[in-house]
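If you're matching positions, the sequence shown starts at 47 in our numbering and goes up one per residue. Glycine included, C-beta positions come from ideal geometry on N, C-alpha and C. Fair warning: this is a prediction, and the values are worked out from it, not measured in the lab.
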Amino acid sequence: MTAIRASSILPARREDIELHTADGLRLVGELALPADRDPAATIICLHPLPTHGGMMDSHVFRKAAWRLPALADLAVLRFNTRGTTSVRGTSEGAFDNAVGERYDVAAAIEYAEFAELPNVWLLGWSFGTDLTIRYGCDPVVRGAILLSPPLRFSTPDDLANWAASGKPLVALVPEFDDYLRPEAARERFAAVGQAEVVAMAGAKHLWVGDAENVLDEVVRRVNPAVPVPLPRTWDGPMETGDASAYADRTVASFADRPVPGPVPAAGDEPD
C-alpha cells in the first residue's frame, strides 16, 4: 500500500475537453472518469477568482480530479472560465466580474447533459460559489456544494431561487475563513431552508492541509454509497503529478487575496 500524497494521480480515463459558450467563446477543460466503469455521479468544478490565481488546477480541484474517479466512482469536470489560464491552456474571453461567466457555467452544464453524465452536482470554491449560486440552479443540476462561500456577487434573489428549487445546497465554511465564517454563514443561508452549513474546524479559506476533509464531505453528499473517510493509501498503479509549472506561485495564489506568512513549496502542500 502506498500513501496518497498531494501529487498522487490515481487511475482514471482522462480527456481534454472544450466547452462552447452561447456568446461564442471556447473554454478549455478536462473530464476525468472512473477507469473501468461508469461514474455514479458527476461534479462540475467552478474555480476561485482568476484575477487572484484561481483556475481549474486550484489544489482542491486538482486533487478531486486525481483521486475521486478511483476512490469514489465520480466523474470530475473542471475547466477554466473565460480569460483564465492553466497548464491545460487559456480559455477565450476576459474575466467579467461574474456577469459573462453565466455563459461559462451554462456551457459546462450543457456539456455534462449532452455527455449523459449522471447525477450532476456543482462544486464551487470562493468566486466559484457565487457562480454556482447565481447561475447553477438548472434542471440538470441535482445540488451544489460551496467551499468558502464569500457571498460577494450573490444576491437575495439568487438565494431565493435556490430555496424555491428545493435542491440540496451544502456550504463548507472554514472556521477561520477570511470572508464569511460559520456563524455569519448560517445567518446568510437562513434564506435557503434546505441549506446545510458545515463548520470546518481549524480550516482556512485556502483549505491548505484540509483537502482530504473537503473531499470526504463532497463524497458524503454526492455518492453516499461510498464509505468515508476515503482511503489515504492506494494498492495499485499510481502516477506522480508535475506541479513544476506552478513553481513560481505560492498557495496564496489560489486565494481571493494574498495571505501573508510562510507557505509550502509548490506541489508539496499537505494532502
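Quick one: is residue i buried, meaning 16 or more other Cβ sit within 10 Å of its Cβ, or exposed?
| i | result |
| --- | --- |
| Met-246 | buried |
| Met-101 | buried |
| Pro-275 | exposed |
| Phe-235 | buried |
| Phe-222 | exposed |
| Glu-285 | exposed |
| Asp-203 | exposed |
| Pro-196 | buried |
| Val-99 | It is Gly, not Val, that sits at residue 99 in the sequence shown. Per the 10 Å Cβ criterion, buried. |
| Arg-59 | exposed |
| Leu-180 | It is Arg, not Leu, that sits at residue 180 in the sequence shown. Label assigned to Arg-180: buried. |
| Glu-61 | exposed |
| Gly-352 | The displayed coordinates of the chain run from 47 to 317. Any statement about residue 352 would go beyond what the structure contains. |
Hey, residue i and residue j: beta-carbon distance below 8 Å or not?
| i | j | result |
| --- | --- | --- |
| Val-254 | Val-219 | no |
| Thr-67 | Asp-150 | yes |
| Leu-114 | Leu-261 | yes |
| Leu-120 | Leu-77 | no |
| Ala-241 | Asn-165 | no |
| Glu-159 | Thr-127 | no |
| Leu-169 | Ala-144 | no |
| Ile-55 | Trp-112 | yes |
| Ser-172 | Ser-200 | no |
| Ala-217 | Ala-237 | no |
| Leu-73 | Ala-153 | yes |
| Ser-53 | Gly-212 | no |
| Arg-267 | Pro-185 | no |
| Asp-256 | Met-47 | no |
| Thr-279 | Ala-116 | no |
| Val-264 | Ile-155 | no |
Tell me the residue span of the beta strand (DSSP E) that contains residue i.
| i | result |
| --- | --- |
| Ala-241 | 241-246 |
| Glu-229 | Per DSSP, Glu-229 belongs to no beta strand (DSSP E); it is in the alpha helix (DSSP H), 228-234. |
| Ala-190 | 187-193 |
| Val-216 | 215-220 |
| Val-74 | 72-79 |
| Ala-68 | Neither: Ala-68 is in no beta strand (DSSP E) and is coded neither H nor E. |
| Ala-87 | 87-92 |
Looking at the secondary structure, which residues open and close the alpha helix (DSSP H) in which residue i lies?
| i | result |
| --- | --- |
| Leu-261 | 257-268 |
| Trp-208 | 202-211 |
| Asp-176 | 173-181 |
Do the region 83-96 and the region 229-236 touch if we need at least three Cβ pairs shorter than 8 Å? Not touching, per the Cβ criterion.
contact_flag[the region 136-151, the region 108-116] where n(CB pairs < 8 Å) is 3 or more: The answer is no - the region 108-116 does not touch the region 136-151, with fewer than three Cβ pairs under 8 Å.
The region 124-136 / the region 182-189 touching (three or more Cβ pairs under 8 Å): no
Which ranges would you report for the beta strand (DSSP E) in the region 111-158 if only whole runs of at least 3 residues count? 120-125
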